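Under UniProt numbering, the first residue of the sequence shown is numbered 1, with each subsequent residue one higher.
Everything below concerns the one structure shown next.
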Amino acid sequence: MATQRTFSIIKPDATKRNLTGKITAKFEEAGLRVVASKRIHLTKAQAGEFYAVHKERPFFDELTTFMASAPIVVQVLEGEDAIAKNREVMGATNPAEADEGTIRKEFALSIGENSVHGSDGPDTAKEEIAFFFSELEIVG
Ligand code: DAT
Ligand code: MG
1 MATQRTFSII KPDATKRNLT GKITAKFEEA GLRVVASKRI HLTKAQAGEF YAVHKERPFF
61 DELTTFMASA PIVVQVLEGE DAIAKNREVM GATNPAEADE GTIRKEFALS IGENSVHGSD
121 GPDTAKEEIA FFFSELEIVG
């Protein structure tokens with residue numbers, strides 16, 4: 001597996017609790033390199049655009065309200081098999097089902113306030129990176 005890039009969000013529940021550094025350290029310890037990073041505050045409409053794939057789901061309103069409730073940190077992570085590796089470090093969507101040592105096991109508050117987002121495949125990684133970053137902002 002070659003070097004890959006994936007897209008990550010440190011979500012509002014985590015930025016509010018000042019966990020940006022602790023979560024970033026988990027990525028770095030797993031061999032992922034932060035090659036782009038910025039702190040932003042989404043509008044609810046922007047959160048809806050980003051999570052458009054979930055717009056028919058019952059939790060869509062809760063999800064987009066939450067994602068616009070406080071700042072987030074968006075990052076591009078680079079490394080060997082970065083997409084799968086990031087999903088591994090994140091842990092299961094529901095923290096009650098997440099493995100020991102994962103970010104969600106350690107930090108997530110609930111299935112909704114689950115501290116991190118990570119791309120689920122190469123196509124979504126590409127789309128999600130382009131949603132937030134220009135090529136000039138990504139420095140490998
Ligand atoms: P993941 O973030 O692990 O890729 P997902 O893509 O299925 O999970 O869902 C996106 C986000 O939506 C998830 O991180 C939190 C929220 N979500 C998912 N299922 C939910 C539920 N049953 N209740 C509330 N929020 C939920
Ligand atoms: Mg997902």
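All C-beta atoms in this analysis are idealised placements derived from N, C-alpha and C, irrespective of residue type, glycine included.
Computed from a prediction, not measured in an experiment: that's the story for all the values here.
Please look up how many angstroms separate the CB atoms of residue i and residue j, rounded, as I've assumed it's under 8 Å.
i	j	result
residue 10	residue 23	5 Å
residue 113	residue 66	6 Å
residue 116	residue 8	6 Å
Relative to the ligand DAT, is the shortest distance from any of its heavy atoms to the C-beta of residue i smaller than 7 Å?
i	result
residue 19	no
residue 129	no
residue 101	no
residue 112	yes
residue 62	yes
residue 27	no
residue 6	no
residue 107	no
residue 41	no
Check each candidate in the options and name the one with the smallest Cα separation from residue i.
i	options	result
residue 128	93, 4, 50, 34	50
residue 88	74, 32, 126	32
residue 42	70, 76, 139, 57	70
residue 3	20, 35, 21	35
residue 37	6, 94, 13	6
residue 61	47, 30, 72	47
residue 78	108, 28, 15, 19	28
residue 134	76, 68, 16	76
The ligand MG and residue i: does any heavy atom of the ligand fall closer than 7 Å to the residue's C-beta?
i	result
residue 123	no
residue 120	yes
**Study point:** Contact the segment 122-133 vs the segment 72-84: 3+ CB pairs below 8 Å
**Key:** Yes: at least three Cβ pairs fall under 8 Å.
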